[in-house]
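Anchor point for the sequence shown: position 86 equals 86 in UniProt numbering, and the numbering is continuous, going up by one each time. Using N, Cα and C, we set each Cβ at its ideal position, and we do this for glycine too.
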Amino acid sequence: MICYQLCCANGHTFEGWYRDSTAFARLKQENLLSCAICGTAKVEQALMAPAIVKGRSHLKQKEPSKPEAMSQQPEAPPAPQQLEPVVSDNLISALRQIRAAVEENCENVGSNFADEALRIHYGEAPERSIYGDMTASEREMLEDEGVDVLPLPWVRKTDS
């Protein structure tokens with residue numbers, strides 16, 4: 001895996017992880033890259049400082065002498081490094097297409113989603129496709145009432 005520092009036309013910088021430099025070049029050539037912050041497809045590699053790994057000799061510095069009893073204690077293991085999940089540009093592109101289809105074919109009822117879904121379910125409102133926001137407790141209530149809902153990951157719109 002290779003990590004590139006990327007920059008979009010709007011000045012946002014972010015990391016992109018790729019199998020190798022060829023994979024990055026192919027995705028860029030096919031316009032499949034997008035900014036992780038604003039969604040623009042105008043993405044370039046930012047200047048990066050190379051990672052320089054020193055040899056182990058710098059670790060063998062002379063330490064002050066410790067009492068014998070202290071040197072027998074094992075050192076605590078280093079904390080595990082947390083890695084951010086890598087989201088593929090193809091996945092982001094697909095999620096944007098889903099968002100566009102939902103916005104084009106469904107009515108946005110905003111924070112009234114749970115109430116409106118319940119009204120549609122009981123025939124008190126015209127049947128139609130809707131989208132909006134709901135809380136976890138509202139989702140649980142809708143499931144208890146037998147209303148089918150599908151939560152979708154909502155990504156930013158692309159400007160390209």
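Item                                                                                                                                                                                        : Value
Please say whether serine 21 and aspartate 89 have beta carbons closer to each other than 8 Å?                                                                                              : no
Between the Cα of serine 111 and the Cα atoms of Met134, Glu140 and Ala101, which residue gives the shortest distance?                                                                      : Met134
Going along the chain, which residues of its own chain have a beta-carbon closer than 8 Å to the beta-carbon of cysteine 38, five neighbours each way excluded?                             : Cys8, Asn10, His12, Arg156 and Asp159
Kindly indicate which residue of Val147, Leu6, Ile130 and Glu116 has the alpha-carbon position closest to the one of valine 43.                                                             : Leu6
Report the start-end ranges of each beta strand (DSSP E) in the region 4-32 that is 3 residues or longer and not cut off at the edges.                                                      : 13-18
Under a three-way DSSP split, which group does asparagine 90 fall into?                                                                                                                     : helix
According to DSSP, glycine 132 sits in a beta bridge with which residue or residues?                                                                                                        : Gly110
Let me know if residue 185 comes out buried or exposed under the rule of 16 or more other beta-carbons within 10 Å of its beta-carbon.                                                      : The structure shown does not extend to residue 185, since the chain is modelled only from 1 to 160, so the question has no answer here.
Would the beta-carbon of cysteine 106 fall within 8 Å of that of tyrosine 122?                                                                                                              : no
Can you round the beta-carbon distance between proline 125 and valine 149 to whole angstroms, since I take them to be within the 8 Å contact cut?                                           : Note on identity: in this sequence residue 125 is alanine, with proline being the wrong assignment. No, alanine 125 and valine 149 are not in contact; Cβ-Cβ is about 15 Å, not under 8 Å.
Spatial neighbours of tryptophan 154 within its chain, please: CB distance less than 7 Å, with the 5 preceding and 5 following residues excluded, ordered by chain position.                : Arg99
Is it right to say serine 23 is buried, meaning 16 or more other beta carbons lie within 10 angstroms of its own, or is it exposed?                                                         : The question names serine, but residue 23 is alanine in the sequence shown. By the neighbour-count rule (16 or more Cβ atoms within 10 Å), alanine 23 is not buried but exposed.
Alpha carbons only, please: which of Pro151, Val102 and Tyr18 is nearest the one belonging to glutamate 138?                                                                                : Pro151
Does the separation of the CB atoms of residue 162 and alanine 41 fall below 8 Å?                                                                                                           : Nothing about residue 162 can be reported from this structure: the residues present for the chain run from 1 to 160 only.
Identify which residue in Ala25, Glu145, Lys28 and Tyr4 has its Cα closest to the Cα of tryptophan 17.                                                                                      : Tyr4
How is glutamate 145 classed by DSSP in three states: helix, strand or coil?                                                                                                                : coil
Please work out which residues of its chain come closer than 6 Å, Cβ to Cβ, to valine 109, disregarding the five sequence neighbours upstream and downstream, and give them in chain order. : Glu116, Ile130 and Gly132
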